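So the structure is just underneath, and the comments pick up after that.
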Amino acid sequence: MGRLVTVATCALNQWALDFQGNLDRIVRSIGIAKSKGARYRLGPELEICGYGCSDHYYESDTLLHSFQVLEKLLESPATQDIICDVGMPVLHRNVRYNCRVIFLNKKILLIRPKIALANTGNYRELRWFTPWSKARQVEEYFLPRIIQEVTGQETVPFGDAVLATKDTCLGAEMCEELWTPNSPHIEMGLDGVEIFTNSSGSHHVLRKAHTRVDLVNSATAKNGGIYIFANQKGCDGDRLYYDGCSMISMNGETVAQGSQFSLDDVEVLVATLDLEDVRSYRAEISSRNLAASKVTPYPRVKVNFALSCPDDVAVPTCMPIQWRYRSPEEEISLGPACWLWDYLRRSKRAGFLLPLSGGIDSSATACIVYSMCHQVCLAVKNGNADVLADVRRIVNDETYIPEVPQELCRRIFTTCYMASENSSQDTCNRAKLLAEQIGSYHINLNIDVAVKAVVGIFSMVTGRTPRFSVYGGTSRESLALQNVQARIRMVLAYLFAQLTLWARGMPGGLLVLGSANVDESLRGYLTKYDCSSADINPIGGISKTDLKNFIQYCIENFQLTALRSIMSAPPTAELEPLVDGQVAQTDEADMGMTYAELSIYGKLRKIGKAGPYSMFCKLINIWKEICAPREVAAKVKYFFRMYSVNRHKMTTLTPSYHAENYSPDDNRFDLRPFLYNTTWSWQFRCIDKQVNAL
Numbered sequence: 001m002g003r004l005v006t007v008a009t010c011a012l013n014q015w016a017l018d019f020q021g022n023l024d025r026i027v028r029s030i031g032i033a034k035s036k037g038a039r040y041r042l043g044p045e046l047e048i049c050g051y052g053c054s055d056h057y058y059e060s061d062t063l064l065h066s067f068q069v070l071e072k073l074l075e076s077p078a079t080q081d082i083i084c085d086v087g088m089p090v091l092h093r094n095v096r097y098n099c100r101v102i103f104l105n106k107k108i109l110l111i112r113p114k115i116a117l118a119n120t121g122n123y124r125e126l127r128w129f130t131p132w133s134k135a136r137q138v139e140e141y142f143l144p145r146i147i148q149e150v151t152g153q154e155t156v157p158f159g160d161a162v163l164a165t166k167d168t169c170l171g172a173e174m175c176e177e178l179w180t181p182n183s184p185h186i187e188m189g190l191d192g193v194e195i196f197t198n199s200s201g202s203h204h205v206l207r208k209a210h211t212r213v214d215l216v217n218s219a220t221a222k223n224g225g226i227y228i229f230a231n232q233k234g235c236d237g238d239r240l241y242y243d244g245c246s247m248i249s250m251n252g253e254t255v256a257q258g259s260q261f262s263l264d265d266v267e268v269l270v271a272t273l274d275l276e277d278v279r280s281y282r283a284e285i286s287s288r289n290l291a292a293s294k295v296t297p298y299p300r301v302k303v304n305f306a307l308s309c310p311d312d313v314a315v316p317t318c319m320p321i322q323w324r325y326r327s328p329e330e331e332i333s334l335g336p337a338c339w340l341w342d343y344l345r346r347s348k349r350a351g352f353l354l355p356l357s358g359g360i361d362s363s364a365t366a367c368i369v370y371s372m373c374h375q376v377c378l379a380v381k382n383g384n385a386d387v388l389a390d391v392r393r394i395v396n397d398e399t400y401i402p403e404v405p406q407e408l409c410r411r412i413f414t415t416c417y418m419a420s421e422n423s424s425q426d427t428c429n430r431a432k433l434l435a436e437q438i439g440s441y442h443i444n445l446n447i448d449v450a451v452k453a454v455v456g457i458f459s460m461v462t463g464r465t466p467r468f469s470v471y472g473g474t475s476r477e478s479l480a481l482q483n484v485q486a487r488i489r490m491v492l493a494y495l496f497a498q499l500t501l502w503a504r505g506m507p508g509g510l511l512v513l514g515s516a517n518v519d520e521s522l523r524g525y526l527t528k529y530d531c532s533s534a535d536i537n538p539i540g541g542i543s544k545t546d547l548k549n550f551i552q553y554c555i556e557n558f559q560l561t562a563l564r565s566i567m568s569a570p571p572t573a574e575l576e577p578l579v580d581g582q583v584a585q586t587d588e589a590d591m592g593m594t595y596a597e598l599s600i601y602g603k604l605r606k607i608g609k610a611g612p613y614s615m616f617c618k619l620i621n622i623w624k625e626i627c628a629p630r631e632v633a634a635k636v637k638y639f640f641r642m643y644s645v646n647r648h649k650m651t652t653l654t655p656s657y658h659a660e661n662y663s664p665d666d667n668r669f670d671l672r673p674f675l676y677n678t679t680w681s682w683q684f685r686c687i688d689k690q691v692n693a694l
């Protein structure tokens, strides 16, 4: 009697609507799983079309092409003699579902629709799909003709069922269903399901990995069983980075861990486990067995196939391991770097251009690009032929082999220090030294001629010449002059991105990188259409506090000593005139609040769902040792005024890597008005009343 099962899960770098590429990666993963002895293979959520198709799910083409890919999979020799579990959208009785299609030897065993849809934060599944609400019920699904011709089946089971093989029972859940209070694996486990599978499209957020791992392990800790988790990886076309972390767990312990950040397009994780360990674990949990005796049974689809072999006594099984978590600094170093690599190779550009100011934010962005080059060199050294082919195409050299990150940076990364009469020599030197240490092609230029030309046009038309505050001008004049400098830098950044390689006799154009952090975006401390306006921004979802820690990480791990002076310098925009040759303007003084305070405001506003009054009520306790209630009230009011006055800037925010759950990204994550009544009269009166009472 066979008792050892060998199962495989995978993390695939799928791309929305890249049906050919997605098919190739699925077939490769199945081939690897079979070569390692697996009899069951699980893939990520919606892997056939790619998770991030968004409103393309409405198109019949997306359904058609998904079935065409399924046809190729059913016909492929690679899919024979292994149960394949793939994800795709399916239209059943004119209702669109997010489904798993499970097949074996050219026969579809079950189409299992998703029961609980993800519809918070970045997820909008209820916009495109309907949850299956008929618990433990199946219906007949009439297959499209192209599939009927391959399988010889006219209809297949569609609904909430489990698979009964000759030696065990498997049940599927999908992504969000693991996170719900009443996950399907609970009832399935009580009904005798021994292997649970979860296909996910779960994106990276700083410090999130432990939550996901704890959920997977807890799924079998109380009920016993084997849990197989598959996830997408990479950038599939938007702001999110899916961070893999595929894993296999048994009886509450991890037995196989996939990588969290990797440039491998296909990663397959295989484990051999003993079903008798599940059965003996369950046998002594009397409370579980009493509950099992009362459970409503699931429909079972019988499968004439075994996941085990008759003679498997001598086969070694996988033992529990300790999950290795990465620090937030490591996550910043690797996640945005992998996201940038996917964006670069898939956009078919020749590299990046970054306006490098010598401050923390732009320096952190430069370090992420350097980390990307480091990961590329490491992948090539480890024999990743896909990465080597991509990098050769990017640099337009079929013989090139990247060996050190500085040399690769020189080819694909251009940094540009754009000085003005308000820039200090210190920031110029810091930018130059960092560029030398990371190896970027560095440009120094001065924007004063352009600034004076633009202001001169205004003066010629109006007969008035604006002045900075230090020279007797009003705050309106000073702000306008600062904005002109910032916006000219954006125009020059795009000009140099388009033509720098042309001037160097090289083909292609560059992607412009932005470097505004999440806190500045929340406060609106940026000029609309300045250097924060770029093609993409790898740090737009990361706080200033985390960026400072990341800079320290780069000093220690990449030996970038130029970062020490950048770390010690106060953040400044350098848009106002120098005083005795020294910078007088600082970010925190301009903002009227500290970066630490901004992080707290951001978390309370978004994660804590606090309006002005609720934020005040929370902060009078959090800050009771350092601020009187009246001072807290003034701070909260000032934040909400500045936030609401500047909210319109979020509508044009550069697409940023999503890393924080308090991101103010207006595109899909933080949906708010951008025209506010900025007096907040009713809300602020409530605060004032409470202050007076206190």
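The UniProt record's numbering puts the first residue of the sequence shown at 1, with every later residue one more than the last. Ideal Cβ placement from N, Cα and C applies to all residues, glycine included. None of the values given here were measured: they were computed from a predicted structure.
Apart from the 5 residues on each side of it in sequence, N537 sits with its Cβ closer than 6 Å to the Cβ of G514, T654 and S656 in its chain, given in chain order.
Cα atoms of G224 and L190: separation of roughly 10 Å, rounded to the nearest angstrom.
Membership of P328 in the alpha helix (DSSP H) is indicated by the continuous run P328 to S347. Under the DSSP assignment, E407 falls in the alpha helix (DSSP H) whose first and last residues are P405 to I412. The C-alpha of A497 is placed about 11 Å away from the C-alpha of A503. For H56, the three-state secondary structure derived from DSSP is helix. Positions of the beta strand (DSSP E) runs, each at least 3 residues long and wholly inside the region 275-307, are given as 300-302 in order along the chain.
Less than 9 Å divides the Cβ of P577 from the Cβ of N422. A check of alpha carbon separations from V266 across S246, G252, V278 and D274 identifies S246 as the nearest. In this chain, A450 is not harboured by any beta strand (DSSP E); it is covered by the alpha helix (DSSP H) spanning D448 to T462. Counting along the chain, M490 sits inside the alpha helix (DSSP H) bounded by residues S475 to A503.
About 6 Å separates the Cβ atoms of N98 and L46, confirming a contact at the 8 Å cut-off.
Secondary structure within the region 117-167: the alpha helix (DSSP H) runs of 4 or more consecutive residues, fully enclosed, are 125-128 and 145-151 (chain order). Listed in chain order, the non-local C-beta contacts of V512 below 7 Å within the same chain comprise L353, A493, Y494, A497, A534 and D535, local neighbours out to five positions each way being set aside. Cα atoms of L344 and V27: separation of roughly 25 Å, rounded to the nearest angstrom.
Annotated three-state conformation of A230 is strand, per DSSP. Beta-bridge partners of N537 (DSSP): S656.
The C-alpha of G244 is placed about 21 Å away from the C-alpha of L388. Taking C-beta atoms as the reference points, R605 and Y643 count as a pair closer than 9 Å. Bounds of the beta strand (DSSP E) holding Y40 are Y40 to L42. Considering only C10, E187 and W179, the residue with the shortest C-alpha distance to V162 is E187. When DSSP states are grouped into helix, strand and coil, R523 belongs to the helix group. Counted as a single uninterrupted DSSP element, the beta strand (DSSP E) harbouring S200 occupies residues I195 to S200.
Here DSSP, grouped into helix, strand and coil, assigns M319 to coil. According to the DSSP secondary-structure assignment, A8 is paired through a beta bridge with R41 and V270. Counting along the chain, C377 sits inside the alpha helix (DSSP H) bounded by residues I360 to K381. Between T254 and the set W341, I285, W132 and D214, the nearest pair of CA atoms involves D214. The beta carbons of L526 and C367 sit no closer together than 9 Å. Exposed is the label assigned to D55, since fewer than 16 other Cβ atoms lie within 10 Å of its Cβ.
The residue among T561, G31 and Q582 with its C-alpha nearest the C-alpha of P570 is Q582. The region 330-340 and the region 540-560 touch, with three or more beta-carbon pairs separated by less than 8 Å. Runs of alpha helix (DSSP H) with 4 or more residues, each lying fully within the region 599-674, are found at 612-622 and 629-646, listed in chain order. Annotation for L91: L63 and Y97 place their beta carbon closer than 8 Å to its own, counting only its chain and skipping 5 residues before and after.
Within the same chain, and ignoring the five residues on either side of K544 in sequence, the residues whose Cβ sits closer than 6 Å to its Cβ are N517, D519 and Y595. Between the alpha carbons of T272 and P320 lies a distance of about 12 Å.
Leaving aside the five residues that flank E176 on each side, the residues in its chain whose CB is nearer than 7 Å to its CB run, in chain order, A116, L117 and A118.
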